[in-house]
Amino acid sequence: MRSIKDNIDRQQLKGVYKIDCSCGKSYIGETGRSMKIRLKEHTADIKNERSRTSALAEHSSKTKHHVCLESARIIAREDNYHKRKIREAIEIMKYPQNLNRDNGSEISGNWLPLIKQMNPPRTLGSSGSEIKGIAFKGLLKAIKVNLYKYIIILI
Ligand SMILES: [Zn+2]
């Protein structure tokens, strides 16, 4: 079971996060501050129906779906701005059912087949420590982890 403290700690993390909607679509975002601050902004955007500036607010306002801000989670911790933007773009590409208006950083479509092979990232463990990387098996794991590093370097 997750303690309250774990939840607080997790909210202090910065990186790429995912917010699910009740319809099954997701919003991928990134923050260099903390997820807690960013979630407050999303909450205000939705409450005030800032559809022009917020994709989440627009979706919520149009559909009346429940945007599950309470279960938002960091899917990749990353302090470095450039790497975070790339990681965000990769995650957006990995979740075609997303509510994002753009694809974040410019990533060549040539990477798409490779990115699609990557499994969805694990979320943070209940201990609050990150389960690093992506769930792979055996040799495949090593190969893909290295490919991921190359993507970061090459983009
Ligand atoms: Zn929805």
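Residue 119 in my numbering sits at position 2 of the sequence shown; the count goes up by one each step and never skips.
The beta carbon of each residue, even a glycine, is placed where N, CA and C say it ideally should be.
Looking only at C-alpha atoms, which of the options sits nearest to residue i?
i	options	result
Arg190	Lys142, Gly146, Ser139	Gly146
Ser151	Arg204, Ser188, Gln129, Ser177	Gln129
Gln199	Glu166, Gly149, Asn165, Tyr212	In the sequence as displayed, the identity of residue 199 is His instead of Gln. Here the closest residue by C-alpha is Gly149.
Asn215	Lys131, Cys138, Ser171, Lys202	Cys138
Taking the alpha-carbon positions, what's the residue i to residue j distance?
i	j	result
Ser143	Leu156	14 Å
Arg127	Pro230	31 Å
Gly183	Glu208	At residue 183 the sequence reads His, which differs from the Gly that was named. Answer to the nearest angstrom: the Cα atoms are 22 Å apart.
Pro213	Asp162	23 Å
Run through DSSP, which three-state label would residue i get?
i	result
Glu166	coil
Ile251	A caution first: Ile251 carries a pLDDT of 40, below 50, which makes its placement in the model too unreliable to give a value.
Ser143	strand
Thr240	Caution applies to Thr240, whose pLDDT of 48 falls short of 50 and renders its modelled position unreliable; the value that the coordinates give is listed next. Coil.
For residue i, report the span of its beta strand (DSSP E) as first-last.
i	result
Ser151	Note, Ser151: premise wrong, no beta strand (DSSP E); not H, not E.
Tyr134	132-137
Arg194	190-194
Following the continuous alpha helix (DSSP H) through residue i, name the residue where it begins and the one where it ends.
i	result
Ala172	172-180
Kindly identify the DSSP beta-bridge partner or partners of residue i.
i	result
Asn215	Ser143
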